[in-house]
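J.: Sending over a structure as structure tokens; questions will come in a sec.
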Amino acid sequence: MNSYLTARYAKEEIPDYIVELLSLGLCDLFLPAGFVEEDGTLTCMYKTEGFRPLSSVLELSTEEIFSVAISLLHGVYQCEKHGIFSENFAVNVDCIFVDKGFDRIKMIYRKEVGAGTDFSKKLAALMRMLREKGAPSGEGYIDSAAEFLASDEYGYKAQLHHLEKLR
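Just so it is clear: in the sequence shown, position 71 is 66 by this note's numbering, and no numbers are missing.
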């Protein structure tokens, strides 16, 4: 049985080119989506089959937390090549979906509220939040990764390498 999540957006909330990119499925980071516009409102159906919201996961291993972060880094890098910039969308447990084995991470598009925060800082904040769902034995690794990301002194490849090493 197929599972879908419905989201509604104000027409001006998502630029047309992002609606098109999400509809075409060109960014692997986002769940497959279909949009219908009516009376200035966009209704989106995200196909969530095989995925569950990260917010519904009660306990995470340290490795799973790092898998989420690494997958998000890969996904954001790919999205930015298509013009969907991470400063413009939210990154939190309510927007992120994971498969059973934490092998694949997907998101729904939610506009960032307020000033666009750099992705490294968003990812650091997410890791700190996920730390609460993790084992105490992994807290030092997660803290180290979050500090490294929050400093935002390094590029994508260095961040990825550091997270891989800590995982």
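Think of the CB as a built atom: it goes at the ideal place given N, C-alpha and C, for glycine as much as any other residue. Treat the numbers as computed from the prediction; the structure is a model and nothing was measured.
Considering just the uninterrupted stretch of the alpha helix (DSSP H) at Ile103, what are its terminal residues?
T.: Run containing Ile103: none; DSSP gives neither H nor E here.
J.: Would you mind listing the beta strand (DSSP E) stretches within the stretch 89 to 156 that are 3+ residues and don't spill past its ends, in chain order?
T.: The stretch 89 to 156 contains these whole beta strand (DSSP E) runs: 91 to 93, 100 to 102.
J.: Among Glu54, Glu8, Ser66, which residue has its Cα nearest to the Cα of Gly38?
T.: First, the residue type needs correcting, since residue 38 is Thr and not Gly in the sequence shown. For the residues Glu54, Glu8, Ser66, the minimum Cα distance to Thr38 belongs to Glu8.
J.: Where DSSP assigns a beta bridge to Thr57, which residues make up the other side?
T.: DSSP lists no partner for Thr57.
J.: Kindly indicate which three-state DSSP category Met(-4) falls into: helix, strand or coil?
T.: Low per-residue confidence applies at Met(-4): pLDDT is 48, beneath 50, and the placement is therefore not dependable enough to give any value.
J.: Grab the span of the alpha helix (DSSP H) containing Glu15 for me, first residue to last.
T.: Unbroken alpha helix (DSSP H) run through Glu15: 11 to 19.
J.: With Val31 as the anchor, note down where its beta strand (DSSP E) starts and where it stops.
T.: Here the beta strand (DSSP E) through Val31 covers 28 to 33.
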